[in-house]
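Asker: Numbering (my numbering), first residue to last: 14 to 1101.
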């Protein structure tokens, strides 16, 4: 409940008023909140002769139940509006929300993208309004009902009492449409309710209602179209006129909020076209001699999407015969925290009980992207009751205020100049979260903007704003280009990605009261760096700071370095105030300030033969690093190392630019630049195949690595299994037969197209910064035989602790239930590398193995003495003999060295993980929607430590990559303000984005001698396999363009959103849409 609000629950309708919206982001205050669910008149349902009247507080679940009953008991023609509402409700939020949300709320909030309002307007729903003084009155939901953004004709003293939804007549036809970024649980981009009445015995229109959401500040009706089409026959000429009239009726400014202007306009006419076909289909049944029936491809164009539960298979190698039943290595063991997480018992930072004198912190963030700070005035905030303090750059000496993950180019609190929106200016500490956040909004900042403002990669290129570029050069690409049969140039942009971990940044700092000691409970992948930066800010030695990590609710790289911009300031506050300070960011705060995956731009030039073999590759890679270097240099290097993916080039020149912009600093993200580098070479393979009119599979095979080849950075490929993965997945997926079937499908269908693609992956395993390739462990054995295991890696849901317990179990030859991992802590294992780079199982596993081997060596005399004894007996014997039952373990990766870019020498990676995937998609060319019909993956993970965990990682990485390549978009204003700052605007994949058939197989008989128990790393490599969906979509788009006689050798950027797909499937509808000239308007958002 909102603080300061009065809550009424058991009330009568005389007291009722409508609660408001936009409390958080627009700071709306509502002193009175009323729960109307117990008002009888507002929850009643009345079945009338003309339709059904719903009380305004009837929930959507009840609405659904009532309408289903009507559909099942009434003639079909009477319930067409009801059927459309039910179809829309299938995509309306989740069951929990439908159980609480009411039909009246949809109307009264007056959202321009409400899913129900276009349907109610087109249906001609009647609303009963009521006031104490004026009594009841009825109004029709028509073009006059909504008066402005979130405003309507309901007077301040009135309430909405009932909503009457009418039956349809026999010659009325009604449908609703919605297009969103994601199918399930998403708000609409554009939606529509369309209704037509046809003169009995003919195809003449007598009445037409066309209502659209997402096209204006309110739900609107296409009035001119509705008027001009009356009296016309429902035929092709009406379609031609109607689509033109709709575009005239619904103009959208190129600067309109929400962007996607051309796409939104395309959806309006695409919806009308689908409606036209549907009505024509119905009319052809009643007037077969007058109205031609729909063709098969037209029937398929109007088929609604029906979700089917995905099916899947997981194939892995069984443990060898004779392996001890106690030995868990290679067995599909459940994640050790899975049951606790499923029941909610797993403890995260913000679940920890509060300390008696604990305070809460809230952030004051910059609202300008590049500006001088003229003044910070916290006086109003400090006046608020419960506020205990305010901290900013004034409270830290200059040297202690310097911070940064690789170099000290950041500040704990920005002192003089902000370089992005979302930088930390100050910290308010108060008695509770609500008070702290309210006070933070009262802090006043004065700015003076500075030029230039660099937001996009193109801005950075124009200004030459980047850190020192780096280059890898091999062979003579220029000479090879001159002798190549074909030379091609191109470019591609790949968007960034938000980490969207379930648990946002959460930290609890507890000062110990003496010697400057402090304990930090942190949701961090990097306790060592956190410890180091906290110590620096507090002016104490590192041994006075303990950083403890129980578990994280996801990290994906976002908690490797960027957590310190939150954890360090609260430690400063806790140290000064001498009491615990807690913080957990709201989702919008976390998204605004912590950065994400780097957007990349690639400009390339290649030479290739008639057979599709690449002779030369030249690339310039530009990464949007944001306002500080963070890990951008290493990310660009990884992209450069990965730009070959699975292909051999003799002549290469690739230069990487980490661009400095006025955005929050981008950072590590699963794949760490690898997916970007690999994406660009796959774009090249795709374009070469299109140019040569060759199957892409042949082009890829003719360039593919094999054992003994050298990479472009001169590392020898040993035990290269890429061709095995490739051949197995093609066979398992029955690729060739399905590719033929896809072609046949595309020949028979105009409005829906399919594509199928095979993509390999080669991913190097190691930190490219040599000192990080080390790990430590600590093993304690207690006299009851139980084992407490600690290692330097952190658990973020990926199953690292589970695997480490398995390693210890095999080595100590005891069951896993005797081994426990409590947490990761800097006072147990010092100087631990971050849990990143997919290397944590390799590094920490070997350290655990080393420590356990030491214990076993000490126990060996007692085992030899009593070979039939028990583990506990041997342990107790050693204890009574005064033998240490505690051991540290250590490991450093052998035979790797710092890579020298100038000389193109060194071994940056210990080994490579390989895999391949086949994906098939179906695209709706009229809306841009797509479905993944099937995905098959073969992954080489060596001898898997835990097939259940590893296959889960493969599936999870694939889905996260699916979001990256097809769905997720970070949108910024031209001024650098993040617009997609929460789940309402930023969409990650949902359940219905999972491939309908999802098959994962682990390659058998491929042990890896360079990792613990012959295993391989799994976290990052599978993510890129989801680009198979992207390239399958591109194939489908090419098929649609071929039908239209359009060029198929096109630039197709990532992500392949519904907007991108629809606008690339150019047709007679999109031809009607005029494009605004760039530079003549200010865009709502820019591509960064």
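Every residue, glycine too, gets a C-beta built ideally from N, C-alpha and C. Note that the coordinates shown come from a computational prediction; the quantities given were computed from them, not determined experimentally.
Quick check on the DSSP output: the beta strand (DSSP E) that includes residue 933 runs from which residue to which?
Answerer: 924-937
Asker: I need the straight-line Cα distance from residue 290 to residue 216, nearest angstrom please.
Answerer: 13 Å
Asker: Cutting at 6 Å between CB atoms, please list the residues of its own chain near residue 498, excluding the five before and the five after it.
Answerer: 622 and 623
Asker: Residue range of the alpha helix (DSSP H) that residue 111 falls in?
Answerer: It spans 108-113 - the alpha helix (DSSP H) in which residue 111 sits, taken as one unbroken run.
Asker: Which same chain residues end up closer than 8 Å to residue 1163 when comparing Cβ atoms and leaving out the 5 residues on each side of it in sequence?
Answerer: Here the chain comprises residues numbered 14 to 1101, so residue 1163 is not present and cannot be evaluated.
Asker: Terminal residues of the continuous alpha helix (DSSP H) containing residue 865?
Answerer: 853-878
Asker: Ignoring anything shorter than 3 residues or poking outside the segment 378-413, list the beta strand (DSSP E) runs there in chain order.
Answerer: 384-390 and 400-405
Asker: Quick one: measure Cβ to Cβ for residue 669 and residue 711, integer angstroms, because I've assumed they're closer than 8 Å.
Answerer: In fact, because the Cβ distance is near 30 Å, the residues do not count as touching under 8 Å.
Asker: Let me make sure I understand the geometry here. Which of 284, 424 and 457 has the alpha-carbon closest to that of residue 410?
Answerer: 424
Asker: To the nearest angstrom, how far is the alpha carbon of residue 509 from that of residue 1039?
Answerer: 15 Å
Asker: List the endpoints of the continuous beta strand (DSSP E) containing residue 1078.
Answerer: No beta strand (DSSP E) contains residue 1078, which DSSP labels as neither H nor E.
Asker: What does a CB cutoff of less than 7 Å around residue 1045 pick up in its chain, not counting 5 residues either side in sequence?
Answerer: 768, 769, 770, 932, 933 and 934
Asker: Which residue comes first and which comes last in the alpha helix (DSSP H) that contains residue 422?
Answerer: Neither: residue 422 is in no alpha helix (DSSP H) and is coded neither H nor E.
Asker: Would you call residue 864 buried or exposed, if buried means 16 or more other Cβ atoms sit within 10 Å of its Cβ?
Answerer: buried
Asker: Roughly how many angstroms separate the alpha carbons of residue 883 and residue 876, rounded to a whole number?
Answerer: Distance between the alpha carbons of residue 883 and residue 876: 9 Å.
Asker: Is the segment 990-1008 touching the segment 394-409 in the sense that three or more CB pairs, one from each, lie closer than 8 Å?
Answerer: Contact fails: fewer than three Cβ-Cβ distances are below 8 Å.
Asker: Under 9 Å, do residue 1106 and residue 242 count as touching if we go by C-beta distance?
Answerer: The requested residue 1106 does not occur in the structure, where the chain is confined to residues 14 to 1101.
Asker: For residue 631, list the residues DSSP reports as bridge partners.
Answerer: 618 and 666
Asker: Using a 10 Å radius around the Cβ and a threshold of 16 neighbouring Cβ atoms, would you call residue 908 buried or exposed?
Answerer: Burial state of residue 908 is exposed, judged by a 10 Å Cβ sphere holding fewer than 16 other Cβ atoms.
Asker: Excluding five sequence neighbours on each side, which residues of the same chain lie with their C-beta closer than 6 Å to the C-beta of residue 1023?
Answerer: 923 and 924
Asker: Terminal residues of the continuous beta strand (DSSP E) containing residue 524?
Answerer: 519-524
Asker: State the DSSP-derived secondary structure class of residue 731, mapped to helix, strand or coil.
Answerer: coil
Asker: Suppose contacts are defined by Cβ-Cβ distances below 9 Å. Is residue 988 in contact with residue 468 by that definition?
Answerer: yes
Asker: Pull up the CB-CB distance for residue 631 and residue 473, whole angstroms please, since I reckon it's below 8 Å.
Answerer: Incorrect: roughly 20 Å between the Cβ atoms, too far for contact.
Asker: Nearest to residue 956 by CA position, among 945, 926, 639 and 983, is which residue?
Answerer: 926
Asker: Let me know if residue 162 comes out buried or exposed under the rule of 16 or more other beta-carbons within 10 Å of its beta-carbon.
Answerer: A residue is called buried when at least 16 other Cβ atoms come within 10 angstroms of its Cβ; residue 162 does not meet this threshold and is exposed.
Asker: With a threshold of 8 Å on Cβ separation, who are the neighbours of residue 717 within its own chain once the five nearest residues in sequence on each side are excluded?
Answerer: Only residues of its own chain outside the window of five on either side were considered, and among them 659, 660, 661, 735, 736, 739 and 773 have a CB closer than 8 Å to the CB of residue 717, listed in chain order.
Asker: Would the segment 147-162 count as touching the segment 70-81 if we require 3 or more Cβ pairs under 8 Å?
Answerer: no
Asker: How many angstroms separate the CA atom of residue 1081 from the CA atom of residue 102?
Answerer: 31 Å
Asker: Take residue 458 as the anchor and find which of 190, 377 and 418 has the nearest alpha-carbon.
Answerer: 377
Asker: Just curious, the beta strand (DSSP E) that residue 1102 is in, first and last residue?
Answerer: No answer is possible for residue 1102: the residues shown for the chain start at 14 and end at 1101.
Asker: Between the segment 512-529 and the segment 695-712, are three or more C-beta pairs nearer than 8 Å?
Answerer: no
Asker: Identify every residue that forms a DSSP beta bridge with residue 503.
Answerer: Residue pairing from DSSP places residue 503 in a beta bridge opposite 617.
Asker: Kindly list the residues whose CB is nearer than 6 Å to the CB of residue 827, restricted to its own chain and excluding five residues on each side of it in sequence; keep chain order.
Answerer: Once the five neighbours on either side are set aside, the close Cβ partners of residue 827 are 884.
Asker: How about residue 229 and residue 258: are their beta carbons less than 9 Å apart?
Answerer: Not a contact, by the Cβ cut-off of 9 Å.
Asker: I'd like the list of long-range same chain contacts for residue 629, defined as Cβ closer than 6 Å, with 5 residues on each side in sequence excluded.
Answerer: 490, 493, 494, 620 and 664
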